[in-house]
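For reference, the structure discussed in these notes is given below.
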Amino acid sequence: MIDMNKQQIIECLELEHADDLFRQADKVRKQYCGEEVHLRGILEFSNHCCQDCHYCGLRRGNTKAMRYRMELDEIIHSAQKAIDLGITTVVLQSGEDEFYSIEQLCHIIQEIKKLNLAVTVSVGERSFEDFNRLKDAGADRYLLRFETSDEKLYATLRPGRCLKDRFECLYWLKKLDYQVGSGIMVGLPGQSLESIAQDILLFQDLDLDMIGIGPFLPHPNTPLAGSHNIGIDMILKVVALTRIVTKNAHIPATTAVGTLDTQGRQKALACGANIIMPNITPTEYRKFYEIYPDKICASEAASECRRCVEEMIITCARTVGIGPGHSLKKQSRASQTDFSF
Ligand code: SAH
Ligand code: SF4
Numbered sequence: 003m004i005d006m007n008k009q010q011i012i013e014c015l016e017l018e019h020a021d022d023l024f025r026q027a028d029k030v031r032k033q034y035c036g037e038e039v040h041l042r043g044i045l046e047f048s049n050h051c052c053q054d055c056h057y058c059g060l061r062r063g064n065t066k067a068m069r070y071r072m073e074l075d076e077i078i079h080s081a082q083k084a085i086d087l088g089i090t091t092v093v094l095q096s097g098e099d100e101f102y103s104i105e106q107l108c109h110i111i112q113e114i115k116k117l118n119l120a121v122t123v124s125v126g127e128r129s130f131e132d133f134n135r136l137k138d139a140g141a142d143r144y145l146l147r148f149e150t151s152d153e154k155l156y157a158t159l160r161p162g163r164c165l166k167d168r169f170e171c172l173y174w175l176k177k178l179d180y181q182v183g184s185g186i187m188v189g190l191p192g193q194s195l196e197s198i199a200q201d202i203l204l205f206q207d208l209d210l211d212m213i214g215i216g217p218f219l220p221h222p223n224t225p226l227a228g229s230h231n232i233g234i235d236m237i238l239k240v241v242a243l244t245r246i247v248t249k250n251a252h253i254p255a256t257t258a259v260g261t262l263d264t265q266g267r268q269k270a271l272a273c274g275a276n277i278i279m280p281n282i283t284p285t286e287y288r289k290f291y292e293i294y295p296d297k298i299c300a301s302e303a304a305s306e307c308r309r310c311v312e313e314m315i316i317t318c319a320r321t322v323g324i325g326p327g328h329s330l331k332k333q334s335r336a337s338q339t340d341f342s343f
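The opening residue of the sequence shown carries number 3 in my numbering; numbering runs sequentially from there.
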């Protein structure tokens, strides 16, 4: 397959009717990833955050948010329950919450690893030393979206932070041999098609193992309240182009795309996505992890989310992934190394 350049990507993003693009992405997904849809159980263990991202309902400036933190045992217990649901990966996600020490995070990971689960960590920017310790404790993967590659936009949306530091974290994670996930929001105010095309090319350059693409959904208690929702087709075009360009990266049909459009996740699965993230956060906390409003699956039990995604996968004529669903890129990188010897 021929690589796409920025102009070609922009032209695809401008398409009014993108059915051919979606079909092509589905073909690439089939060829490189097969029919399996892997499940990642997301456990949102704290909604405290010391950052003030303009787009996010968990930002520290949102004084209306009801905050919670799960106890260490409660987190480990929730991960344990994932096993009964046939979930093989737990994604530990939170705001940037300094309450949990690095020792405590390592303890949680070590305990979950004893359960023979793959562990993804998504707790924001940390030092090289912290990333190293989390990896030593057994973390397999790390999820840190760069959000947008437009440096100026990034600096406006994340007060006090800069894109260079975000990329440095991604570089460290790669160096530490994590399976690295990153991604963007689409539809941020001031985001151009050119910058989205650049984001897609960066996904390829960074050789990411996982790429999360979701719509920006404006939250009423943030400075971006009242912004417009992006249309579903633009999200699907970004998902499809990402699949075509990166070939075998894991790409989730995100919860945000399912919130934007009731059929959003099914549509994403049909144009490149191969991952779903059922929510395994205890129901009592769900509604408080309000990164964006009206999030789907806010009141269902974990078992209900699991049942619902399985039904969705089967209806889309796909199969639930078996095993941990590790990075396909990592496997191809390893076999390339083998061949060179
Ligand atoms: N604190 C960590 C992880 C939690 S936020 C971090 O920031 O990396 C997880 C993701 O939620 C962010 O990376 C961002 O892409 C997404 N997000 C935040 N606010 C959002 C909004 N209003 N609409 C859609 N996605 C949002
Ligand atoms: Fe905090 Fe992450 Fe939300 Fe930013 S996006 S405010 S770092 S939870």
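Beta carbons: idealized from backbone N, C-alpha and C, even for Gly.
Keep in mind that this is a model prediction, so the values were computed, not measured.
- Cβ contact annotation for Asn250 (same chain, cutoff 7 Å, sequence separation greater than five): Tyr34, Cys35, Leu330, Lys331, Ser334, in chain order.
- If you check the CB distance, Val125 and Glu98 come in under 9 Å.
- Nearest C-alpha to Lys239 among Glu46, Arg71, His19, Lys8: His19.
- With a cutoff of 8 Å, Leu41 does not count as near the ligand SF4, since its C-beta is closer than that to no heavy atom of the ligand.
- If you look at Glu113, you'll find it in the alpha helix (DSSP H) that goes 104-115.
- For Ala120, the three-state secondary structure derived from DSSP is strand.
- If you look at Thr91, you'll find it in the beta strand (DSSP E) that goes 91-96.
- CA-to-CA, the gap between Val241 and Lys269 works out to about 10 Å.
- Gly323 sits in coil when the DSSP states are folded into three classes, being neither helix nor strand.
- The alpha-carbon of Met279 is positioned some 11 Å away from that of Gly214.
- Cα atoms of Ile232 and Cys55: separation of roughly 19 Å, rounded to the nearest angstrom.
- Rounded to the nearest angstrom, the gap between the Cα atoms of Asp28 and Asp22 is 10 Å.
- Boundaries of the alpha helix (DSSP H) harbouring Arg309: 304-317, taken from the DSSP string.
- Below 8 Å, too few C-beta pairs join the region 219-235 and the region 70-84 to call them touching: fewer than three.
- At least one heavy atom of the ligand SF4 lies closer than 8 Å to the C-beta of Ile293.
- In terms of side-chain proximity, the C-beta atom of Gly97 is found nearer than 8 Å to a non-hydrogen atom of the ligand SF4.
- Residue pairing of Tyr144 in beta bridges, as defined by DSSP: Val123, Val182.
- Around the CB of Asn49, 16 or more other CB atoms lie within 10 Å, so the residue is classed as buried.
- Here Glu292 is buried. Its C-beta has 16 or more other C-beta atoms within 10 Å.
- Within the region 6-51, the runs of alpha helix (DSSP H) at least 4 residues long that lie entirely inside it are, in chain order, 8-15, 21-35.
- Look at Asn134 here: in three-state DSSP terms it is helix.
- Contact between Ile12 and Leu195 holds, with the beta-carbon distance rounding to 5 Å and staying under 8 Å.
- Closest in alpha carbon position to Asn118, among Ile277, Gln9, Gln82, is Gln82.
- If only uninterrupted alpha helix (DSSP H) runs of at least 4 residues are considered, those enclosed by the region 261-285 are 266-271.
- The Cβ neighbour count for Gln95, taken over all protein chains shown within 10 Å, is at least 16; the residue is labelled buried.
- His40 has its alpha-carbon roughly 9 Å from the corresponding atom of Thr321.
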